[in-house]
Each structure stands twice: as structure tokens, then as C-alpha cells.
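Structure, as C-alpha cells:
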Ligand code: VG1
Ligand code: CO
């Protein structure tokens, strides 16, 4: 039976860079989740007769939240929900499933790289019929609904067991529980030269994939170990756990330090990789050679044609604004378009749908292509493996070749976490006001060439996104970008993105922090980070 329950708007239900993220106890307190799910359903024009994909990264509260979502979908008239067994679906697998099954959209339960657990973080995002994150306009409609919601609908019977593959009725709605792995693994097999990678593994090439106790474990075991024949145990931390083993499932040298130790230690394997909570990010590290995400995007754009799925070359590439310009140099050499978008995968959707970009990437370790409408961690790992198999080179050799040809965009991101919101907002506001006065001024070794606030006009639908990050360009080609995170759940996170181009062949092997010291010093003086945040150094350097 349909129950209609009166409710009231709850403050702070504004989706950020990637859906709505809050502390788990906030989501768990009725009607927080219920309000947001009903706002999604209302914001997308209802779900009557629709088919939805539902799944998540397995974090604490994933299963119970799915029960609520299924009961609400049934009461709102949805025809069918396709659910990953056990409530599990990686973000890219969900995106693929929406597309493959021509579903009307999907709900993905994840706070991605944020930690999970009863006192940690939870999240929920809606993806549209193209399989990608809700556009800005849909997100705005969902948010608007959270402000005037007065009731939600929920089926007053228990949701079926989602632990078993099969179909069950929930009132008028069909719940179809599917194997979350196979369709995705088949898609990967259709894009990459599995026989070539298998041959390399059979020849003794060793790989270590750190699933960080998150969703990609079972996917990587199926693809790397079973289908490609990587040695058993190549996948480490491969069982998803509700609190990700107590860690941050964030694939960078800080949080994936275990993998870094392995890859820089004696007897390191040939190739290392990690993925995040919901499986859309990747970290690539060769033996003694960490690859920055911006460089990874550039190398993949340069050599993707070596994989069967991209043999015809790329229509174009796209990167988020804070991502380094390394890929721009590849695009220029190939004579293809390179688009610069705001942070967040939703801005790539139109370019992918319109066939104007084939590969997209972000400095935060997200890379993907037109095979789905999300970034895709395992996809990036497999494309790297395909390139390594096709060239016979090591990761370090490929990087040295790349920098010798294109120059090196030294790059780093400095994060200041849980800064007082007022201090962070004031820092940004004051710097914004100061931008016009900066050109021509000198800060230490660097002189400002220009400074602006990034905004984006979507070349496909003409939509405008303002306020997407403050940029300072220096006369030597270096750049600093400042923006506030839209995925945090406590205080504000200030992200400072630093970049400097080096083309001198003798200067390509420095430590990035050393190579970037002038731009680090200049932006600290310009924005007053240390003085205003009271922090002498960043919390996380990637
Ligand atoms: C961060 C990253 C951004 C990414 C977003 C979602 O956003 O910087 O590049 O798209 O997370 O990624 P923000 O607003 O905190 O900088 V994920 O893996 O959470 O889906
Ligand atoms: Co993620």
C-alpha cells in the first residue's frame, strides 16, 4: 500500500560537485534520505512507469538506504528497479547499466573517496538516461524541490531480499537483482586487447591493484585475475567493507601509501594501480614511478589508438580547468579539440553525447571515455595495461618519452581541509576582488601575467556556469588555481592547484614540489593562505 507521509524541508540539502554528501548519521535520521529521494523523483518530473538502476559502493547504510529507495520508487509508480546484487554497483558499472538497459536513470549511493562508517560519510547521486551525473539544470530542480517539499511516498511493505539474483514484486514494481560484474567486464573486454595483456601477464609481468577495501575489488578480481590471468593475489584489499578497512578509499600517494611502498620498494611489481570508494577514480604507478593524473590523461590521449576500442583515434579531449595543460599539448599535436570544463564529471556529458570528446579527465584521478558517462578507474588501468602491452615499454620509459616530446607540466594540488568556512569564504572573496589589480605585479621570482575567475559556456547547449575557480597566470607560463571543494562534509576544503611547464630536456626529472616552489610561494603571498587559515602547510599534497 502507498503511504503518503507529510514532511518539511530540511536545510542543507544542496547537491555539490557530485550529488549530496553528508555525515552518515544525518542521512540515517528519518526523513533526511526520504526527503532527498522524493526531491530527486519530483525534480526529474516523477518516476511513473520508469526503469531505474540502483546500487552503491557498499559503504555503511548502503543496504538499508536501498531498501528505502526501492519502497519509495514503488510508491511513486516506477515500473522496474534494476539493483546490483547485495546493493553493489560501481559508479561506472551503474553508468553502463543505465545505458545498456535504456533505463530512465539511476540512483548511486556513494560518497566516493570520503571514508565510510556510522560516523563517517554517506552520499547519494542521481544519474540521467545518458548514464551520466545530473546536469546543472536537473540538479537545480532537485535542489529547488528540497526547499518546498511537503510530503513523500513510500510503500509500506518490506523491500525484497537483494542478496539473491532474480526478480521479485514490490507492490506494483518489479525489482530485478542482477550480477553487478559481468556486463561491465564484458564492456572492458570489448574495448581492450585482452589476448595481448594476457600474454604479457603470462610472460611474468607483475601487477598490484589496490582496491582499498572498496567496490572495485570484485571487478578487478574478475577482470585482472580471472579473465586476464594476473597472478592470484594481484588484487589486494579486494573485499568491499562498509568502512573501507577504516581508511580513506582515495587513490593518491597519501591514502594509498601501502601501494606506494610496494611500488618504490625492492622487488616492486611492474605496474601498480588503485581505485576509490565507488570505482570511478584511478591511481597509476610504475616501478618507482608515480604518474600524476594530469600526466596520465595526456599519455592516454597520446596512445589510446593502441587499444582496439580507440583504434580510429579520438574526436577530441576534455579536461577540467584545474587539470594541467599536458593533454592540451597532445591535442594540439594531433590537431584535435581540447575542451576546458569546470570541475565535476557532469560537465563532460554533453561533449561526450555530442561526439565532440572521446577522452576526458580530471586532476583528481578521474579519467574516462565515451564508453560510459562517468569517470572509470578500472578502464584507465586497462588502457594503461593495453598501452604497456602494445609498446613493450615500462611506465617510467613511457613517461620519459612523453616529457621529452611534449615537455613536462609539473603539477601538484595542495588541500587545506576542514578550514573554518568563514575564513575560506573570505579568502576567496578577497582574492576575487583583488584579481584585476594583479597583472604586472611581482611576487618573489614570478610576475603575474593575468588573473580571472573561470566560467564556462557549454558549447553544446549554451548553458553558463559561473564562479568555477580563481586563476592566476604568471609570465613564465606557471599557473595557480584556487577553489573550494564541493564534496566535503565538514567545514570547507580549500584546494590550491599548482602548475609549471618545463621544456628544457635537462630539467624533466625534478620532484614536483621543488619544481613548483616559486609558484607555491607566490600564491601564498597573493592569497594569504597561511595567515588566513592558520595552517603552515597543506593537509594533503597530491
Ligand atoms: C572532487 C574532485 C573532482 C571530482 C569530484 C567527484 O570535487 O576535485 O574533480 O569530480 O570530487 O569525484 P571537489 O568539489 O571536492 O573538488 V568522486 O570520485 O567523488 O565521484
Ligand atoms: Co569516486
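Numbering (the working numbering), first residue to last: 5 to 546.
The beta carbon of each residue, even a glycine, is placed where N, CA and C say it ideally should be.
Keep in mind it's a predicted model, so treat the numbers as computed, not measured.
State yes or no: is the C-beta of residue 416 within less than 8 angstroms of the C-beta of residue 281? Your numbering for residue 416 matches position 412 in the chain shown. Your numbering for residue 281 matches position 277 in the chain shown. Contact flag unset, no.
Between residue 346 and residue 472, is the Cβ-Cβ spacing less than 8 angstroms? Here residue 346 corresponds to residue number 342 of the chain shown, with the count starting at 1. Here residue 472 corresponds to residue number 468 of the chain shown, with the count starting at 1. The answer is yes: Cβ separation under 8 angstroms.
Alpha carbon to alpha carbon, how far is residue 242 from residue 255? Translated into the one-based positions of the chain shown, residue 242 becomes position 238. Translated into the one-based positions of the chain shown, residue 255 becomes position 251. Their Cα atoms are separated by approximately 14 angstroms.
Where the alpha helix (DSSP H) containing residue 353 begins and where it ends: As a first step, residue 353 is located in the chain shown; it is residue number 349 there, counting from the start. Run containing residue 353: 353-357, per the alpha helix (DSSP H) assignment.
Is residue 259 near the ligand VG1, in the sense that its beta carbon is under 7 angstroms from a heavy atom of that ligand? On the chain shown, residue 259 is found 255 positions in, with the first residue counted as 1. For residue 259, the shortest separation between its Cβ and any heavy atom of the ligand VG1 does not lie below 7 angstroms.
Suppose you measure from the CA of residue 322 to the CA of residue 459; what does that come to, to the nearest Å? By 1-based counting over the chain shown, the position of residue 322 is 318. By 1-based counting over the chain shown, the position of residue 459 is 455. Using only the alpha carbons, I get a separation of about 15 angstroms.
Any chance the CB of residue 285 is under 7 angstroms from a heavy atom of the ligand VG1? Here residue 285 corresponds to residue number 281 of the chain shown, with the count starting at 1. Flag set: Cβ of residue 285 near the ligand VG1.
Restricting to runs no shorter than 3 residues, where is the beta strand (DSSP E) found entirely within the segment 397-466? 412-423 and 450-457
Just checking my contact of residue 43 with residue 112 at CB under 8 angstroms: how many whole Å lie between their CB atoms? Taking the first residue of the chain shown as 1, we reach residue 43 at position 39. Taking the first residue of the chain shown as 1, we reach residue 112 at position 108. Their Cβ separation, rounded to whole angstroms, is 16 angstroms, which puts residue 43 and residue 112 out of contact at 8 angstroms.
Distance check for residue 500 and residue 79, CA to CA, integer angstroms please. Residue 79 sits at position 75 when you count from the first residue of the chain shown. Residue 500 sits at position 496 when you count from the first residue of the chain shown. Each residue's Cα considered, the two are about 45 angstroms apart.
Distance check for residue 407 and residue 508, CA to CA, integer angstroms please. On the chain shown, position 504 is the one that residue 508 refers to. On the chain shown, position 403 is the one that residue 407 refers to. About 10 angstroms.
Cross-strand partners of residue 2 (DSSP beta bridge): Residue 2 cannot be examined here, being either before or after the span of the chain that is shown, 5 to 546.
Starting from residue 172, follow the alpha helix (DSSP H) in both directions and report where the run begins and ends. Within the chain shown, the letter at position 168 stands for residue 172. Residue 172 -> not in any alpha helix (DSSP H); beta strand (DSSP E) instead, spanning 170-174.
Do you know offhand how far residue 313's Cα is from residue 486's? Here residue 313 corresponds to residue number 309 of the chain shown, with the count starting at 1. Here residue 486 corresponds to residue number 482 of the chain shown, with the count starting at 1. The straight-line gap from Cα to Cα measures roughly 36 angstroms.
According to DSSP, is residue 279 part of a helix, a strand, or is it coil? Translated into positions along the chain shown, residue 279 becomes position 275. Strand.
Helix, strand or coil, according to DSSP, for residue 98 in the structure here? Against the chain shown, residue 98 aligns to sequence position 94. Residue 98 falls in the helix class under three-state DSSP.
May I have the straight-line CA-CA distance separating residue 19 from residue 143, to the nearest angstrom? The residue labelled residue 19 in the question sits at position 15 within the chain shown. The residue labelled residue 143 in the question sits at position 139 within the chain shown. For residue 19 and residue 143, the distance between alpha carbons rounds to 7 angstroms.
Given 8 angstroms, three or more beta-carbon pairs between the segment 299-309 and the segment 396-410: yes
Write down every uninterrupted run of the alpha helix (DSSP H) in the segment 326-384 whose length is 4 residues or greater and which is fully enclosed by it, in chain order. Listed in chain order, they are 330-338 and 353-357.
Beta-carbon of residue 283 versus every beta-carbon of chain C: anything under 8 angstroms? Absent here is chain C; the protein component of the structure consists of one chain.
By Cβ distance, which residues of its chain are closer than 6 angstroms to residue 358, with the 5 residues on each side in sequence left out? In the chain shown, counting from the first residue as 1, residue 358 sits at position 354. Taken in chain order, the residues that qualify are 464.
Inside the segment 514-542 only - alpha helix (DSSP H) runs reaching at least 4 residues: 516-519, 521-531 and 533-537
CA-to-CA distance, residue 88 to residue 228, given in whole angstroms: Here residue 228 corresponds to residue number 224 of the chain shown, with the count starting at 1. Here residue 88 corresponds to residue number 84 of the chain shown, with the count starting at 1. Straight-line Cα distance between these residues: approximately 21 angstroms.
The ligand CO heavy atom lying under 7 angstroms from the CB of residue 116: Position 112 of the chain shown, counting from 1, holds the residue named residue 116. Within the cutoff, so yes.
Give the secondary structure of residue 142 by DSSP, where H, G and I count as helix, E and B as strand, and everything else as coil. As a working note, residue 142 is residue 138 in the chain shown. DSSP places residue 142 in helix when its eight states are reduced to three.
Residues in its own chain within less than 6 angstroms of residue 341 by CB, not counting five upstream and five downstream? As a working note, residue 341 is residue 337 in the chain shown. The residues are 320.
Rounding to the nearest angstrom, what Cα-Cα distance links residue 208 and residue 371 in this structure? The residue labelled residue 208 in the question sits at position 204 within the chain shown. The residue labelled residue 371 in the question sits at position 367 within the chain shown. Going from the Cα of residue 208 to the Cα of residue 371 covers about 27 angstroms.
With the cut-off set at 8 angstroms, would you say residue 158 and residue 38 are in Cβ contact? Along the chain shown, one-based indexing puts residue 158 at 154. Along the chain shown, one-based indexing puts residue 38 at 34. Yes, the pair counts as a contact, with Cβ atoms nearer than the cut-off.
In angstroms, rounded to a whole number, what distance separates the CA positions of residue 470 and residue 348? Walking along the chain shown from the start, residue 470 turns up at place 466. Walking along the chain shown from the start, residue 348 turns up at place 344. Taking the straight line joining both Cα atoms gives about 14 angstroms.
CA-CA distance, residue 399 and residue 392? Sequence index remark: in the chain shown, residue 399 carries index 395 (1-based). Sequence index remark: in the chain shown, residue 392 carries index 388 (1-based). If I take the Cα positions, the gap works out to 7 angstroms.
Tell me the residue span of the alpha helix (DSSP H) that contains residue 42. Here the question's residue 42 lines up with position 38 in the chain shown. It spans 36-47 - the alpha helix (DSSP H) in which residue 42 sits, taken as one unbroken run.
Could you check which residue in 394, 291 and 350 has the C-alpha nearest to that of residue 132? Working through the chain shown from its first residue, we reach residue 132 at position 128. When only C-alpha atoms are compared, the closest one is 350.
Between the Cα of residue 110 and those of 123, 85, 290 and 117, spot the shortest distance and give me the residue it belongs to. Numbered from 1 along the chain shown, position 106 holds the residue referred to as residue 110. Out of 123, 85, 290 and 117, 85 has the C-alpha closest to the C-alpha of residue 110.
Residue 429 to residue 423, Cα distance in whole Å? Residue numbering aside, residue 429 sits at position 425 when the chain shown is read from its first letter. Residue numbering aside, residue 423 sits at position 419 when the chain shown is read from its first letter. When rounded, the distance between both Cα atoms is 10 angstroms.
Under the three-state reduction of DSSP, which class applies to residue 489: helix, strand or coil? Numbered from its first residue, the chain shown carries residue 489 at position 485. In this structure, residue 489 counts as coil in the three-state DSSP scheme.
Report, in whole angstroms, the separation of the C-beta atoms of residue 91 and residue 67, which I expect to be a contact under 8 angstroms. Within the chain shown, numbered from 1, the residue matching residue 91 stands at position 87. Within the chain shown, numbered from 1, the residue matching residue 67 stands at position 63. The pair is a contact, with the Cβ atoms about 5 angstroms apart (cut-off 8 angstroms).
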